[in-house]
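Participant: If you're matching positions, the sequence shown starts at 1 in my numbering and goes up one per residue. For every residue, glycine included, the Cβ atom is placed at its ideal position computed from N, Cα and C. All values derive from a computational prediction rather than experimental measurement.
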Amino acid sequence: IVICPPAMDAITAAAFASVYSTADVALQHRAKLQPGEWLMVHGAGSGVGLAAVEVGKALGATIIATAGSEEKCALARSRGADYTVNYSTGPLRDQVLEWTHGKGVNVVFDPVGGDLFKESLRCIAWEGRLIVIGFAAGERQKIPANILLVKNATAIGFAWTSYRRTQPKIVYDSLEQLFQAWAAGQLQPTISHTLPLQEASQAMTLLQQRKVRGKIVLTTDKM
């Protein structure tokens, strides 16, 4: 059990805990993101993507955020992204290599998968880390080991729910720090829609139609 800050309401807490702790534990504990490194965040208009942008910025990284629309790119910039790419308009590689002066990004945070994962392998730096959070694109991609070998790169899997079961202290410590950062005004969860639990099917429709920016929160009478 983790106690939320007194000023945090139930709706904010519902939108906050899992996505911010996912971003924090993935980037700090698994990817070992360091100040001054380049971080590319895919799906940056989503709840976990926006959280990764904010957490990565707080850790001192330079952020390249990718999203499927200009609106989502603008939202990512408002949360601290230094550069944004609308991946619906074409490949990422040339733009990313230009910004990084040909070196590529040190860490890729990927909750999307599919073609973006393949693009990431072409954008990653020597000794880069590509952390797989999910498969929102619907494709569980294969990893070409030859690219990992040539770049001395690492592909890392991360499932937050597994950490809750097997290493709960890591999650607890993460949430304690994140709640402190929220209370200090350093983190700002984005809530796209708030719907009653009875309208859960509508929430799924909004997700399928790509109309969500950040998180959807389903409420009950007790919230």
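By DSSP's criteria, TRP38 is part of a beta bridge. Which residues make up the other side?
Facilitator: THR62, per the DSSP bridge assignment.
Participant: Below 6 Å CB to CB, which residues in the same chain sit around ALA137 once its five sequence neighbours on both sides are set aside?
Facilitator: VAL112, GLY113, GLY114
Participant: Starting from the Cα of ASN146, find the closest Cα among LEU121, LEU130, ARG165, PRO168 and give me that residue.
Facilitator: Nearest option by C-alpha distance: LEU121.
Participant: Below 8 Å on the Cβ atoms is my contact criterion, and I expect GLN95 with LYS118 to pass it. Report the Cβ-Cβ distance as a whole number of Å.
Facilitator: About 16 Å separates the two Cβ atoms, so there is no contact after all.
Participant: Check this for me: beta carbons of THR219 and ILE11, under 8 Å apart or not?
Facilitator: yes
Participant: List the endpoints of the continuous alpha helix (DSSP H) containing PHE158.
Facilitator: PHE158 -> no alpha helix (DSSP H), and no H or E assigned at all.
Participant: Which residues bound the beta strand (DSSP E) around ASP94?
Facilitator: It is not in any beta strand (DSSP E) - ASP94 instead sits in the alpha helix (DSSP H) that spans 93-99.
Participant: Ignoring anything shorter than 3 residues or poking outside the segment 170-200, list the beta strand (DSSP E) runs there in chain order.
Facilitator: 191-196
Participant: Hey, how far is the Cα of CYS73 from the Cα of ARG213?
Facilitator: 11 Å
Participant: Which same chain residues, not among the five before or five after TYR83, have their C-beta less than 6 Å away from its C-beta?
Facilitator: Residues ILE64, TRP99 of the same chain have their beta carbon placed closer than 6 Å to that of TYR83, with the five preceding and five following residues left out of the count.
Participant: Given that a residue counts as buried once 16 or more other Cβ atoms are within 10 Å of its Cβ, and exposed if not, what is GLU37?
Facilitator: Buried: at least 16 other Cβ atoms inside 10 Å.
Participant: Rounded to whole angstroms, what is the Cα-Cα separation between THR205 and ILE170?
Facilitator: Between the C-alpha atoms of THR205 and ILE170 there is a straight-line separation of about 34 Å.
Participant: Using alpha carbons as the reference points, say which of LEU187, CYS123, ILE133 lies closest to GLY43.
Facilitator: ILE133
Participant: Touching or not, the segment 42-61 and the segment 14-28, by the rule of three or more beta carbon pairs under 8 Å?
Facilitator: yes
Participant: What do you reckon, is the C-beta of ALA44 under 7 Å from a heavy atom of the ligand FAD?
Facilitator: You won't find the ligand FAD in this model; it holds no ligand whatsoever.
Participant: Going along the chain, which residues of its own chain have a beta-carbon closer than 7 Å to the beta-carbon of GLN202, five neighbours each way excluded?
Facilitator: LEU195
Participant: For the alpha helix (DSSP H) containing ASP24, name the first residue and the last one.
Facilitator: 10-24
Participant: Indicate whether LEU178 and ASP24 have their beta-carbon atoms separated by less than 8 Å.
Facilitator: Yes. Within cutoff.
Participant: Would you kindly work out how many angstroms separate the C-alpha atoms of ILE131 and LYS215, rounded to a whole number?
Facilitator: 21 Å
Participant: Which residues in the same chain as VAL41 place their Cβ atom closer than 6 Å to its Cβ, once the five residues preceding and following it in sequence are excluded?
Facilitator: GLY49, ALA52, VAL53, ALA65, PHE109
Participant: Alpha carbons only, please: which of LEU59, TYR87, GLY60 is nearest the one belonging to GLU70?
Facilitator: TYR87
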